[in-house]
Amino acid sequence: MLALASGGIADARPVSYEGGRTLIVEHDRDMSAIWAHYTPHHRYSIGYRGEWHREDDHVFHGVQATWLANRWFGEDYQANLYLFGAVGIGSGVDGNPAGTGAAGSLGVMADWETRRWFVSYMARGFAGETTGEKAMQAARLGVAPYVANYGALHTWLMVQVEHNPQAENPVGVTPLVRFFQGPLMAEAGWSVTDDQPFLQFQYRF
1 MLALASGGIA
11 DARPVSYEGG
21 RTLIVEHDRD
31 MSAIWAHYTP
41 HHRYSIGYRG
51 EWHREDDHVF
61 HGVQATWLAN
71 RWFGEDYQAN
81 LYLFGAVGIG
91 SGVDGNPAGT
101 GAAGSLGVMA
111 DWETRRWFVS
121 YMARGFAGET
131 TGEKAMQAAR
141 LGVAPYVANY
151 GALHTWLMVQ
161 VEHNPQAENP
171 VGVTPLVRFF
181 QGPLMAEAGW
191 SVTDDQPFLQ
201 FQYRF
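Per the numbering used here, residue 1 is the first one in the sequence shown, and the count goes up by one each step.
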């Protein structure tokens with residue numbers, strides 16, 4: 001998944017601070033996407049999401065809402081649980097004969113993190129009137145090679161494992177590096193199973 005928490009906590013957030021706006025651009029082994037959302041309340045965000053599912057040759061355009069269901073704080077950790085859903089239209093592209101029809105997705109995201117360690121999990125199901133159904137899940141483990149002070153450049157080394165039953169290679173493994181400072185976060189990696197780049201850029205306004 002998306003922005004930054006204070007005090008050096010690592011993960012990006014799909015719900016920003018109240019009144020915040022976030023732009024996210026991502027490219028992985030299966031999909032390229034853009035997501036721009038607004039956070040009217042600290043518990044939820046809403047915005048536009050566009051996706052190009054390259055392996056299936058279909059696109060999605062719609063509105064996605066994300067709800068921060070719970071947040072836990074410990075002496076040296078933070079954990080979050082998010083639920084999200086999107087509704088819109090899907091259609092075939094690049095020779096896919098699928099027409100245009102209603103489409104949507106539902107999912108859950110969870111993470112646990114300290115200033116040194118990071119673990120996350122995400123599961124998502126997608127259904128389209130003309131583009132069919134698919135599901136995927138992904139988990140991450142990350143470690144910070146150094147603990148940076150607030151406002152400094154933070155670096156994380158991570159590995160992501162994905163399961164997409166419909167893909168040519170159902171299980172994907174992607175080592176990646178994450179950098180963030182202030183409102184900007186960037187990730188870059190490479191899928192060792194699909195020989196595909198992984199890129200993500202996020203900026204909070």
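Cβ atoms here follow ideal geometry from the backbone N, Cα and C, with glycine treated the same way.
| Asked | Found |
| --- | --- |
| Candidates MET122, ALA127 and LEU23: closest to VAL108 by CA position | MET122 |
| Own chain residues within Cβ distance below 6 Å of SER200, not counting five before or after | It should be pointed out that residue 200 corresponds to Gln in this sequence rather than to Ser. Same-chain partners within the cutoff: GLU26 and GLU187. |
| Neighbourhood of SER6 by C-beta distance below 8 Å, restricted to the same chain and skipping five residues each side | Annotation note: pLDDT 32 at SER6 (below 50); position unreliable, no value reported. |
| DSSP three-state assignment for LEU153, whether helix, strand or coil | coil |
| Cβ shell of PRO197 (< 7 Å), same chain only, five flanking positions each side left out | HIS27 and TRP190 |
| Inter-residue spacing [alpha-carbon to alpha-carbon] between HIS163 and LEU153 | 31 Å |
| Rounded distance between the beta-carbons of LEU68 and ALA203, thought under 8 Å | First, the residue type needs correcting, since residue 203 is Tyr and not Ala in the sequence shown. Contact flag wrong, Cβ pair sits at about 20 Å. |
| Backbone CA spacing between VAL59 and ALA110 [nearest angstrom] | 26 Å |
| Between the CA atoms of GLY132 and THR193 - distance to the nearest angstrom | 25 Å |
| Spatial distance of HIS61 from GLY85 (CA atoms) | 13 Å |
| ASN80 burial status per 10 Å Cβ neighbour count (16 or more: buried) | buried |
| Neighbour-count burial assignment, PRO18, 16 or more Cβ in a 10 Å radius | Position check: residue 18 holds Glu in this sequence, whereas Pro was assumed. Exposed. |
| CB-CB length for GLN160 against ALA138, believed under 8 Å | 6 Å |
| Exposed unless 16 or more other CB atoms sit within 10 angstroms - verdict on ALA144 | buried |
| Through-space distance from THR100 to GLU129, alpha-carbon basis | 8 Å |
| DSSP bridge partner residues for HIS58 (one or two, in chain order) | HIS53 and GLY92 |
| Helix, strand or coil at THR39 according to DSSP, with G and I counted as helix | strand |
| Contacts around HIS42, its chain only, beta-carbon distance under 8 Å, and the 5 residues preceding and following it disregarded | VAL15, TYR17, GLU18 and LEU68 |
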